[in-house]
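S.K.: Submitted below is the structure of interest, expressed as structure tokens.
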Amino acid sequence: AAASSATTSLLGFTPVAKSLADVFTVPSGYTATVIYALGDPLSAATPAFKNDGTDSDFENRAGDCHDGMEYFGLSAAGLPDQSSSDRGLLAMNHEYINQTFLHASGPTSGTRPAAEVDKEVAAHGVSVVEIKKTGGKFATVQSSSFNRRVTGLTEIEIAGPAAGHALLKTKFSLDGKKTRGTLNNCGTGKTPWGTLLTGEENWSGYFKRASGDDALRDAKSVTSLNRYGRKQNTSSRYGWETAGADDKYARWNISVTGGSTDGSDDYRNELNGQGYITEIDPYSKSAVVRKRTALGRFNHEAAAVSKPVAGKPLAVYMGDDAQNEYVYKFVSAANWDAADANPLDRIATGDKYLNNGTLYVAKFNADGSGSWLELSLGNSTVKNYATYAFADLGDVVINARLAADAVGATKMDRPEWCSVNPANGEVYFTMTNNTSRTAATVDAANPRAYTDTKGASTTQNGNVNGHIIRIAESSANPAATSFKWDVYAFGAEATAAAGVNLSGLDDSNDFSSPDGLGFTQSSGICWIQTDDGAYTDVTNCMMLAALPGTVGDGGDVSVTSGSTTLTTKMGAKPGTKLKRFLVGPYDQEITGVCESPDGKTLFVNVQHPGEGSVVANIADPSKYTSQWPSNAGYGAGKRPRSATVMITRNDGGLIGS
Ligand code: FEO
Ligand code: CA
Ligand code: CA
Ligand code: CA
């Protein structure tokens, strides 16, 4: 009864206005409470976070740059219980680091001190933190035995078709079956058997590659490295390889240095150990972590699992976030068995569904149809690709981008997160923006290229504000190889020309650069989060709530980019079915969304507040671009911190109603 009466009043809140204030703002009648920030201790023995750059032991603290996040329920007895709204675990990504504030006086440049590098590596990865309700509200449990960190150094097994592959052989793993660390974790997913899927996104940049390295490698290796953004003579993002001779630092230099021909005495293959969907059992600190290579190697964001149906395969939807990259889907070979919903060994269950199956990439046709193109040697277009001769399926999944090139998949405007609409199985994918899209390269699925000078601090070109695509699988079958699609909504400033603001957004719901996106099961609301470079002179990043319709409900729309005009499929204009639900503090992005199963507590993350602050001003908090969450009363020190926010209704009702 509660659910049906609530459904009639969804989106009844008053929209939050755009704002540049250093404040986290929710609608009237709601309360936002910070519960878990960078550095918070995860064991009873870990000291409180001083927040002055001197804290250490991040193996027992919350990491930095909170990102994708999932809720896993616990019974009062501490057993997995997906229906529990009183006690649970939050498992979340720590995408990268705000280097300025992690050290007392900023980072040391040049040769990096080992202690700084150890801290930075440990502040990456994933954390699991127990939360428990007391007095009706959740708080973290510092001493919980469930609390866990997986970092950039944690030993992780390679699973699926690339396990044991010659391309994964390193000095650390002579059999190519393990690696260390999960890196730059962005979006997440939750499996029907109660594990976290974490996507490794911008991992390539962490590795140095020397000049002259091409000449020391075979042509295939060079093709692969170039396709994944590691040309020779490129420096690493943080210089971790400079911290010493120890193997844990040397691994960040992927240049050929050893005398072997197979990579057994250096880290020439180390890059092939990153870029996967990695599975973590949040309920067991001792459970092995496995990289699910069958799902392909690219700049992963979310991993959205189709609703499980007994006797049918599972699909996992995924995006590759870089300009002109692709949308992917994995379909399991195994059919879903409802007895696997609460297994004794969750990682073994992951082996069953995620190691064997078929990887596909999406092609969006101009008429609103689409197809999933198989990436395997069973597809002659992959097998006969002239640019790169795939040896086997392991080679295909490790070099999924090259296989997707081979089959002519559609180059998209930066596929970020995706999520399955629980009402009908349709899948929503954010295309955050694409400054390299031009009138000459637009297509029906990426139809806009324009210049934005109004409201932006600098002129931007291309698909400046992004859009959200959705697909409906043929016969609503997640294993289908064809689908229908449309553009659910185009991002735009409310004041933009009608030819840009195609979805008719107004002050209550205009947004730019959709990034995080997730449906909540309790209400069926689609939450849309922004990470914007084009609109942050007008408003801080935000989260909107949407009640979307179905693919094809808006008909055809004509889109003009320069001298190109094309027709595309658009969703019905959202109107009052899309409302701004919150605006975050200054100089951050809103990311990660999950709920307690009763829908009465929503969790979101604020990532990198104050990121634009500079080391020269580190002693003067008034010059930080943000002092959140200390200015919201949370924690010691004034340095800004990424943090998890809990949102509740003052009357205890459903969030978003
Ligand atoms: Fe980590 Fe593409 O966002
Ligand atoms: Ca993102
Ligand atoms: Ca982004
Ligand atoms: Ca980010």
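My numbering numbers the first residue of the sequence shown as 681 and each following residue consecutively. For every residue, glycine included, the Cβ atom is placed at its ideal position computed from N, Cα and C. All values derive from a computational prediction rather than experimental measurement.
Taking 8 Å as the cut-off, decide whether the C-beta atoms of asparagine 933 and aspartate 747 are in contact.
M.R.: What you label residue 933 is simply residue 253 of the sequence shown in a count that begins at 1. What you label residue 747 is simply residue 67 of the sequence shown in a count that begins at 1. Cβ atoms of asparagine 933 and aspartate 747: not closer than 8 Å.
S.K.: CA-CA distance, lysine 817 and proline 787?
M.R.: If you number the sequence shown from 1, residue 817 lands on position 137. If you number the sequence shown from 1, residue 787 lands on position 107. Straight-line Cα distance between these residues: approximately 38 Å.
S.K.: Quick test of your reading: lysine 1280 and glycine 1333, contact by CB under 8 Å. State the CB separation rounded to the nearest angstrom.
M.R.: Working through the sequence shown from its first residue, we reach residue 1280 at position 600. Working through the sequence shown from its first residue, we reach residue 1333 at position 653. Confirmed, about 7 Å.
S.K.: In chain order, what residues of the same chain have a beta carbon less than 6 Å from the beta carbon of cysteine 745, not counting five sequence neighbours either side?
M.R.: Taking the sequence shown and counting its residues from 1, one reaches residue 745 at position 65. His774, Glu775, Tyr776, Gln1287, His1288, Ser1322.
S.K.: What is the DSSP secondary structure of lysine 971, reduced to helix, strand or coil?
M.R.: As a first step, residue 971 is located in the sequence shown; it is residue number 291 there, counting from the start. Reduced to three states, the DSSP call for lysine 971 is strand.
S.K.: Quick check on threonine 780: does DSSP put it in helix, strand or coil?
M.R.: Your numbering for residue 780 matches position 100 in the sequence shown. The answer is helix: DSSP assigns threonine 780 an H, G or I state.
S.K.: Counting along the chain, where does the alpha helix (DSSP H) carrying lysine 799 start and finish?
M.R.: Taking the sequence shown and counting its residues from 1, one reaches residue 799 at position 119. First-last of the alpha helix (DSSP H) with lysine 799: 794–802.
S.K.: Can glutamate 1291 be considered in contact with ligand 1, in the sense that its beta carbon sits closer than 7 Å to one or more heavy atoms?
M.R.: On the sequence shown, position 611 is the one that residue 1291 refers to. Incorrect: glutamate 1291 has no Cβ contact closer than 7 Å to ligand 1.
S.K.: Identify, in the order they occur along the chain, each residue of the same chain with its Cβ nearer than 8 Å to the Cβ of aspartate 942, setting aside the five sequence neighbours on each side.
M.R.: Reading the sequence shown from its first residue, position 262 is the one you call residue 942. Ala846, Lys849.
S.K.: Counting pairs of Cβ atoms below 8 Å between the region 1071–1078 and the region 1110–1126, do you hit three or more?
M.R.: No, the region 1071–1078 does not touch the region 1110–1126.
S.K.: Would you kindly check if the distance between the Cβ of tyrosine 716 and the Cβ of alanine 742 is under 8 Å?
M.R.: Start at 1 with the first residue of the sequence shown, and residue 742 comes out as number 62. Start at 1 with the first residue of the sequence shown, and residue 716 comes out as number 36. For alanine 742 and tyrosine 716, yes; Cβs fall inside 8 Å.
S.K.: Please return the same chain residues whose Cβ sits closer than 6 Å to the Cβ of aspartate 1190, not counting the five positions on each side in sequence.
M.R.: Here the question's residue 1190 lines up with position 510 in the sequence shown. Cβ within range, chain order: Glu1173, Ala1174.
S.K.: So within the region 1129–1160, which uninterrupted beta strand (DSSP E) runs reach at least 3 residues, ignoring any that extend past its ends?
M.R.: For the region 1129–1160, whole beta strand (DSSP E) runs of length 3 or above, ordered along the chain, are 1130–1132, 1140–1142, 1147–1153.
S.K.: Taking only runs that begin and end inside the region 833–908, name each unbroken alpha helix (DSSP H) of 4 or more residues, in chain order.
M.R.: The qualifying runs are 899–907.
S.K.: Among the candidates Leu782, Asp737, Val821, whose CA atom is the shortest distance from the CA of threonine 831?
M.R.: In the sequence shown, residue 831 corresponds to position 151, counting from 1. It is Asp737.
S.K.: State yes or no: is the C-beta of glycine 1420 within less than 8 Å of the C-beta of valine 1273?
M.R.: Lying outside 681 to 1337, the shown extent of the chain, residue 1420 is not represented and no answer is given.
S.K.: Entirely within the region 999–1084 and at least 4 residues each: give me those alpha helix (DSSP H) ranges in chain order.
M.R.: Runs found: 1026–1034, 1060–1063, 1073–1078.
S.K.: Between serine 1099 and chain B, is any beta-carbon pair separated by less than 8 Å?
M.R.: Going by chain labels, chain B is absent from the structure shown, which holds only one protein chain.
S.K.: Quick one: is lysine 971 buried, meaning 16 or more other Cβ sit within 10 Å of its Cβ, or exposed?
M.R.: Counting from 1 along the sequence shown, the entry for residue 971 is found at position 291. Counting Cβ neighbours within 10 Å, lysine 971 comes out buried, since at least 16 surround it.
S.K.: Can you tell me whether DSSP reads glycine 768 as helix, strand or coil?
M.R.: Taking the first residue of the sequence shown as position 1, residue 768 is located at position 88. Strand.
S.K.: At a cut of 8 Å, does the region 1307–1321 reach the region 697–712 through at least three beta carbon pairs?
M.R.: These segments touch.
S.K.: Which residue's Cα is closest to the Cα of alanine 995: Leu1034, Val808, Asp1017, Glu750?
M.R.: Residue numbering aside, residue 995 sits at position 315 when the sequence shown is read from its first letter. Nearest of Leu1034, Val808, Asp1017, Glu750 to alanine 995, Cα basis: Leu1034.
S.K.: Quick one: residues in its chain with C-beta nearer than 6 Å to the C-beta of threonine 1118, no 5 flanking neighbours on either side, listed in chain order?
M.R.: Working through the sequence shown from its first residue, we reach residue 1118 at position 438. The residues are Ala1129.
S.K.: Using the three-state DSSP reduction, which class does lysine 651 fall into: helix, strand or coil?
M.R.: The structure shown does not extend to residue 651, since the chain spans only 681 to 1337, so no value can be given for it.
S.K.: To which residues of the same chain is alanine 803 closer than 6 Å at the C-beta, ignoring the five residues directly before and after it?
M.R.: What you label residue 803 is simply residue 123 of the sequence shown in a count that begins at 1. Hits under 6 Å: Phe738, Gly743, Asp744, Ile777.
S.K.: Would you mind sorting lysine 911 into buried or exposed? The rule is 16 or more other CB atoms within 10 Å of its CB.
M.R.: As a first step, residue 911 is located in the sequence shown; it is residue number 231 there, counting from the start. Looking at its Cβ environment, which holds fewer than 16 other Cβ atoms inside 10 Å, lysine 911 is exposed.
S.K.: Please tell me whether, using a cut-off of 7 Å, the distance from the CB of glutamate 810 to the nearest non-hydrogen atom of ligand 1 is below it.
M.R.: As a first step, residue 810 must be located in the sequence shown, where it is residue number 130. False, no ligand heavy atom lies under 7 Å from that Cβ.
S.K.: Is aspartate 1211 near ligand 3, in the sense that its beta carbon is under 7 Å from a heavy atom of that ligand?
M.R.: Working through the sequence shown from its first residue, we reach residue 1211 at position 531. Correct: aspartate 1211 has its Cβ closer than 7 Å to ligand 3.
S.K.: Do you know offhand how far leucine 1099's Cα is from phenylalanine 752's?
M.R.: The residue given as residue 1099 occupies position 419 in the sequence shown. The residue given as residue 752 occupies position 72 in the sequence shown. Rather than leucine, the amino acid found at residue 1099 in this sequence is serine. Cα-Cα distance, rounded: 17 Å.
S.K.: With a cut-off of 8 Å on the beta carbons, I'd call glycine 1251 and aspartate 1236 a contact; round off their distance for me.
M.R.: The residue given as residue 1251 occupies position 571 in the sequence shown. The residue given as residue 1236 occupies position 556 in the sequence shown. In fact, because the Cβ distance is near 12 Å, the residues do not count as touching under 8 Å.
S.K.: For threonine 1112, verify whether its CB is less than 7 Å away from any heavy atom of ligand 3.
M.R.: In the sequence shown, counting from the first residue as 1, residue 1112 sits at position 432. Yes - ligand 3 has a heavy atom lying nearer than 7 Å to the Cβ of threonine 1112.
S.K.: At which residues does the beta strand (DSSP E) containing tryptophan 1165 begin and terminate?
M.R.: For this step, residue 1165 is matched to residue 485 along the sequence shown. Note, tryptophan 1165: beta strand (DSSP E), 1162–1170.
S.K.: Between phenylalanine 781 and the rest of its own chain, which residues show a CB-CB distance below 6 Å, the 5 nearest in sequence each way excluded?
M.R.: Indexing the sequence shown from 1 puts residue 781 at position 101. Same-chain partners within the cutoff: Arg1319.
S.K.: For the beta strand (DSSP E) that contains phenylalanine 1109, what are its first and last residues?
M.R.: As a working mapping, residue 1109 is identified with position 429 in the sequence shown. 1107–1111 is the span of the beta strand (DSSP E), which, as asked, contains phenylalanine 1109.
S.K.: Is the CB-CB distance between isoleucine 811 and glycine 768 below 8 Å?
M.R.: On the sequence shown, position 131 is the one that residue 811 refers to. On the sequence shown, position 88 is the one that residue 768 refers to. Contact: yes.
S.K.: By a C-beta neighbour count over all protein chains shown, 10 Å radius and 16 as the cutoff for buried, is valine 714 buried or exposed?
M.R.: Here residue 714 refers to the residue found at position 34 of the sequence shown. Counting Cβ neighbours within 10 Å, valine 714 comes out buried, since at least 16 surround it.
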